[in-house]
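Residue numbers (my numbering), protein chains in the order written: chain G, 4 to 118; chain D, 300 to 410.
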Amino acid sequence: GAVVSQHPSWVICKSGTSVKIECRSLDFQATTMFWYRQFPKQSLMLMATSNEGSKATYEQGVEKDKFLINHASLTLSTLTVTSAHPEDSSFYICSALNTGGETQYFGPGTRLLVL
Amino acid sequence: GNSVTQMEGPVTLSEEAFLTINCTYTATGYPSLFWYVQYPGEGLQLLLKATKADDKGSNKGFEATYRKETTSFHLEKGSVQVSDSAVYFCALTNTGNQFYFGTGTSLTVIP
């Protein structure tokens, strides 16, 4: 089946620093990737839709200058949390849309802790 | 608009019990329906899907049937195991570019 990886799986950083999270589709090309945030015991909150070669589309309430998304190739999207603060601590999950465009395949998630 | 409503958890069952997690949806057109599973500390994994009315998705002993007349996609398993303990999410998409997730149902299976 389709495999999506995320790196790193765990990151701890100091307040004010920037953190980059990578999302890769390993065995298929993904023109569209999604970034989600999940708080403990809650559902996924869609942050943005990332299309290869174009600007990401952000959901209402998500600061695009805070959460920079780059989708430079058909297999890689990155999310950079700029000037991270403790309230940005969360579980970030990416997903990639398969070639048929009907199924999302999820990465294993990245747990971010900002001290 | 599009939305998914799941039964609230948590659900606790004994091993080998029968499982049903209800999911109903509201959608325009003819959506595709999904169940995803999230094990502790991990991302979501696709469990099963159905793309048109009356289709039955199945995987690992889980089943769900796309019922257009009742706008439902209930997840069932005849005999749960401890390893099925996880959070289950129902989801739909109309276009493939926008997915709508339910709030998730936590399942704990005790020996």
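Cβ atoms here follow ideal geometry from the backbone N, Cα and C, with glycine treated the same way.
Cβ-Cβ separation, residue j to residue i (assumed contact under 8 Å), whole Å
i        : j        : result
LEU312/D : VAL386/D : That belief does not hold up - the Cβ atoms of LEU312/D and VAL386/D are roughly 14 Å apart, past 8 Å.
PRO89/G  : SER12/G  : In fact, because the Cβ distance is near 20 Å, the residues do not count as touching under 8 Å.
LEU318/D : LYS376/D : 4 Å
VAL7/G   : VAL14/G  : So it is not a contact: roughly 18 Å between Cβ atoms.
Proximity of residue i and residue j at Cβ, strictly below 9 Å
i        : j        : result
SER93/G  : PHE37/G  : no
THR60/G  : LEU71/G  : no
LEU374/D : GLY308/D : no
TYR324/D : LEU332/D : yes
VAL381/D : ALA316/D : no
ALA5/G   : THR78/G  : no
LYS17/G  : LEU100/G : no
THR305/D : THR369/D : Here the sequence assigns Gln to residue 305/D, which means Thr is not the residue at that position. Their beta carbons are not under 9 Å apart, which means GLN305/D does not touch THR369/D by this criterion.
From the options, residue whose alpha carbon lies closest to that of residue i
i        : options                                : result
ASP354/D : ASN321/D, TYR329/D and LEU318/D        : TYR329/D
SER28/G  : TYR39/G, GLN41/G, TYR108/G and ILE96/G : TYR108/G
HIS10/G  : SER18/G, CYS16/G, GLU25/G and THR20/G  : GLU25/G
THR282/D : ARG366/D, ASN393/D and ASN321/D        : Chain D is shown only over 300 to 410; residue 282/D falls outside these bounds and no answer can be derived.
ILE96/G  : LEU82/G, GLU105/G and LYS17/G          : LEU82/G
PRO410/D : THR364/D, ASP383/D and SER371/D        : ASP383/D
ALA416/D : GLU314/D, LYS367/D and GLY342/D        : Because chain D here runs from 300 to 410, residue 416/D falls outside it and cannot be looked at.
Cut-off 7 Å between Cβ atoms - residues of its own chain near residue i, not counting five sequence neighbours on either side
i        : result
PHE400/D : VAL303, PHE388 and ALA390
Residues of its chain near residue i, where Cβ-Cβ distance is below 6 Å and the 5 sequence neighbours each way are ignored
i        : result
SER53/G  : MET36, ALA59, ILE72, HIS74 and SER80
VAL336/D : GLN344, LEU346, ALA385 and TYR387
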